[in-house]
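Chemist: Following this message is one structure expressed as structure tokens.
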Ligand SMILES: [Zn+2]
Ligand SMILES: [Zn+2]
């Protein structure tokens, strides 16, 4: 069972509060890390959550609003101080690369590692060691993207009786087959498909960034195991959500229900709410499997079956 843990590094909207930092979410799976948005101060959170400055890492930026992106430069600098060598994947709007180039130049930042930049666009964006990443347009006051991070398919169910029938000794060879690798037994080659069922889908995490709800996003997030959605305002503040191009907790819940996701996490809370319990309560009336994000909260995402 491979662990896939989602950790919230910052959960406030626009400005930090005493208990909440600016937006950032990390996904960790077998040494691979995906960070979605980089609010100011994210490098301290990356250290405290032991995500590893030298990890196999991909950073997804939803849009170019300061609260989602200013932490990126500090993170890159900290990585360089730690002598990172491994290339770093960054996905985001095209102007993100320009911003990085200009500020790195002005501030004399020399990176110790290469950046592999991919411009965000609707559809497939990038395949990493363990995931396939897709993007869709979000509805915000500037160009913005939502991301869907799909774990690659895992090997099918293992049938011990089939392995025994093929005279494969239990132990190392079984474990290799279970992981999807072919083995040699008594000079014969045995393919994993001979002893396992069809490959099973992996887990899928959706991240909206800042957005109004839309039917396009409901389709895009269809069937996600975990959906992390903009919940800047409570239901009764919908006029503010419409005006500032964000969502309310109730709208996030409606979208989660329409998309048929397994679990919803509300995040990006306006600093006006010192307690978000009422936002969760009203969302649960629409979509019961709702929780509120908090800085440092970790969610172990289970397989759907
Ligand atoms: Zn924001
Ligand atoms: Zn924004």
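Numbering (our numbering), first residue to last: -10 to 294. A virtual CB, placed ideally from N, CA and C, is assigned to each residue, including glycine.
1) Give the DSSP bridge partners of residue 130, in chain order.
2) Do the CB positions of residue 257 and residue 12 come within less than 8 Å of each other?
3) Which first and last residues belong to the alpha helix (DSSP H) in which residue 267 is found?
4) Quick one: measure Cβ to Cβ for residue 110 and residue 124, integer angstroms, because I've assumed they're closer than 8 Å.
5) For residue 68, count the other beta carbons within 10 Å of its own beta carbon; 16 or more makes it buried, fewer makes it exposed. Which is it?
6) What are the boundary residues of the beta strand (DSSP E) that residue 17 is part of?
7) Can you list, in chain order, the stretches of the beta strand (DSSP E) that have 3 or more residues and sit fully within the stretch 218 to 269?
8) Three or more C-beta pairs closer than 8 Å, one from the stretch 194 to 204 and one from the stretch 216 to 234: is that the case here?
9) Going residue by residue through the stretch 49 to 112, where are the continuous alpha helix (DSSP H) segments of at least 4 residues, counting only ones entirely within it?
10) If you measure from each residue's Cβ to the nearest non-hydrogen atom of ligand 4, which ones come out under 7 Å, in chain order?
11) Answer yes if the stretch 63 to 81 comes into contact with the stretch 205 to 221, meaning at least three C-beta pairs across the two stretches below 8 Å, and no otherwise.
12) Using a Cβ-based criterion (distance less than 7 Å to any ligand heavy atom), does residue 97 qualify as near ligand 2?
13) Assuming residue -3 is part of the alpha helix (DSSP H), what are its boundary residues?
14) Can you tell me which of 58, 143 and 70 puts its alpha carbon nearest to the alpha carbon of residue 48?
15) Please state whether the Cβ-Cβ distance between residue 272 and residue 244 is less than 8 Å.
16) Give every residue of the same chain whose Cβ lies closer than 8 Å to the Cβ of residue 156, excluding the five residues on either side of it in the sequence, and list them in chain order.
17) Compare the beta carbon distance of residue 242 and residue 279 with 8 Å and say whether it is the shorter of the two.
18) Run the proximity test for residue 170: is its beta-carbon closer than 7 Å to any non-hydrogen atom belonging to ligand 2?
19) Decide if residue 52 is buried, meaning its Cβ has at least 16 other Cβ atoms within 10 Å, or exposed.
20) In chain order, what residues of the same chain lie with their CB nearer than 8 Å to the CB of residue 31, ignoring the 5 residues before and after it?
21) In whole angstroms, what separates the C-alpha of residue 129 from that of residue 116?
22) Determine the direct distance from the alpha carbon of residue 172 to that of residue 179, and round the result to whole angstroms.
23) Less than 8 Å between the CB atoms is what I'm expecting for residue 146 and residue 166, so what's the real figure, rounded?
24) Just the Cα atoms here: how many angstroms apart are residue 219 and residue 239?
25) Going by alpha carbons, who is nearest to residue 265 out of 274, 283, 108 and 162?
26) Based on the DSSP secondary-structure assignment, which residues constitute the bridge partners of residue 139?
27) Hey, residue 140 and residue 18 are a contact pair by Cβ (cut 8 Å); roughly how many whole angstroms apart?
28) Would you tell me roughly how many angstroms separate the C-alpha atoms of residue 118 and residue 161, rounded to the nearest one?
Modeler: Put simply:
1) Per DSSP, none; premise fails for residue 130.
2) yes
3) 266 to 275
4) 6 Å
5) buried
6) In the DSSP assignment, residue 17 falls within the unbroken beta strand (DSSP E) covering 13 to 18.
7) 253 to 256
8) yes
9) 55 to 58, 60 to 70 and 83 to 95
10) No copy of ligand 4 appears in this structure; the ligands present are ligand 1 and ligand 2.
11) no
12) no
13) Taken as a continuous stretch (DSSP letters only), residue -3 belongs to no alpha helix (DSSP H), being part of the beta strand (DSSP E) at -6 to -1.
14) Comparing Cα positions, the closest option is 58.
15) no
16) 174 and 175
17) yes
18) no
19) buried
20) -2, -1, 10, 11, 13, 24, 60, 61, 63 and 64
21) 26 Å
22) Approximately 5 Å between the Cα atoms of the pair.
23) Residue 146 to residue 166, Cβ: 12 Å. No contact.
24) 11 Å
25) 283
26) 121 and 193
27) 7 Å
28) 23 Å
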